[in-house]
Amino acid sequence: MLFDKLCGMVERHALGIEPIIREAKLFEIDGRPQDFLSKELTWDLEQFFLPFRCVVIEDAAGVVLLYDKHKNQVGNDATRLFITVSSSVTPPDKFHWTRDSKLARDIANYRLQREETISITIGTIDNWKKVSGTTNEFSAEGAVFRHFSCTKREVGVDIDLRNPPESYGLTPSVYEALREESLRNTMVGIQEIYYLNQPSNFV
1 MLFDKLCGMV
11 ERHALGIEPI
21 IREAKLFEID
31 GRPQDFLSKE
41 LTWDLEQFFL
51 PFRCVVIEDA
61 AGVVLLYDKH
71 KNQVGNDATR
81 LFITVSSSVT
91 PPDKFHWTRD
101 SKLARDIANY
111 RLQREETISI
121 TIGTIDNWKK
131 VSGTTNEFSA
141 EGAVFRHFSC
151 TKREVGVDID
161 LRNPPESYGL
171 TPSVYEALRE
181 ESLRNTMVGI
191 QEIYYLNQPS
201 NFV
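First residue of the sequence shown? That's 1 in UniProt numbering, and the numbers climb one at a time after it.
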């Protein structure tokens, strides 16, 4: 399980997110998000809530952690911390957003420069809404401020995205790709929580 690997990385490398990880409640979904998120759901955005203050969703593509800044937050405009986790060996077709070939290509090119790693991105999602005229497409606003790429041996990459990309030998497009990927994955996690919050699906 990727969440188990995340816990090992956090414990081994002291990434500073141990208290949040310890509080997390894990939900596993056996499959790709695109295999079930196309089903019609009732999107009552103003009533969105996490079933626990800290929730982790793991599916075939990766892990999304969501954490309420304040207890019992409700709505799509409440700021929540997110942590997205993915493996460099996860096939692209597992992701819900691979139809966007440019984003997939930018991320793939970045990861090809590294050995097999677990990528961890931390940020906040501040507001999100349904894209008009779509069934389950959403746009999100938020900030991404930290990215780690870890192996069992070391933290190979530790990027503070509040610093200029040039200070890490990167281009602005890599920053933007990391931001877009993490926000998109976070939105998929939110949709999966909607799915799990349905009375027929909650366990």
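For every residue, glycine included, the Cβ atom is placed at its ideal position computed from N, Cα and C.
Minimum C-alpha distance to residue i - residue among the options
| i | options | result |
| --- | --- | --- |
| Ile57 | Pro33, Phe48 and Asn72 | Pro33 |
| Val188 | Val64, Pro164 and Thr117 | Val64 |
| Arg53 | Ala143, Pro164, Ala24 and Leu183 | Ala24 |
| Leu81 | Arg153, Lys5 and Glu141 | Glu141 |
| His147 | Phe138, Ser86 and Thr121 | Thr121 |
| Glu11 | Thr151, Asp77 and Glu137 | Thr151 |
| Ser182 | Leu2, Leu66 and Asp77 | Leu66 |
| residue 251 | Val74, Ala61 and Val131 | Coverage of the chain is limited to positions 1 through 203, which leaves residue 251 absent and any answer about it impossible. |
| Ile125 | Val131, Gly133 and Ser139 | Ser139 |
| Tyr123 | Ile83, Ala78 and Trp43 | Here residue 123 is Gly; the residue named in the question, Tyr, does not match the sequence. With distances taken between Cα atoms, Gly123 lies closest to Ile83. |
| His13 | Phe27, Glu154 and Asp77 | Glu154 |
| Lys129 | Gly75, His70 and Phe27 | Gly75 |
| residue 229 | Ala78, Leu178, Gly8 and Ser132 | The chain is shown from 1 up to 203; residue 229 falls before or after that span and cannot be answered. |
| Ser132 | Leu2, Lys5, Met1 and Trp43 | Trp43 |
| Asn127 | Phe3, Leu6 and Gln73 | Gln73 |
| Leu26 | Val55, Tyr195, Pro199 and His70 | Val55 |
Assigned secondary structure, residue i (DSSP; H/G/I helix, E/B strand, else coil)
| i | result |
| --- | --- |
| Glu192 | helix |
| Lys5 | helix |
| Thr186 | helix |
| Leu26 | strand |
| Ala177 | helix |
| Asn197 | helix |
| Glu18 | helix |
| Val131 | coil |
| Ser88 | coil |
| Arg12 | helix |
| Glu141 | strand |
Assumed close pair residue i, residue j - CB separation to whole angstroms, cut-off 8 Å
| i | j | result |
| --- | --- | --- |
| Ile118 | Val85 | 6 Å |
| Asp59 | Glu176 | With a Cβ gap of about 24 Å, Asp59 and Glu176 do not count as contacting. |
| Pro51 | Asn185 | The pair is not a contact, with the Cβ atoms about 19 Å apart (cut-off 8 Å). |
| Ser88 | Leu2 | Actually they are not in contact, since the Cβ atoms of Ser88 and Leu2 sit about 12 Å apart, beyond 8 Å. |
| Ile21 | Cys7 | 6 Å |
| Pro165 | Val174 | 6 Å |
Q. Looking at C-beta atoms only, is the number of pairs between the segment 152-170 and the segment 17-37 that lie closer than 8 Å three or more?
A. no
Q. Is the segment 163-180 touching the segment 46-62 in the sense that three or more CB pairs, one from each, lie closer than 8 Å?
A. no
Q) Enumerated in chain order, which unbroken segments of the beta strand (DSSP E) with a length of 3 residues or greater are wholly contained in the segment 30-83? A) 54-58 and 63-68
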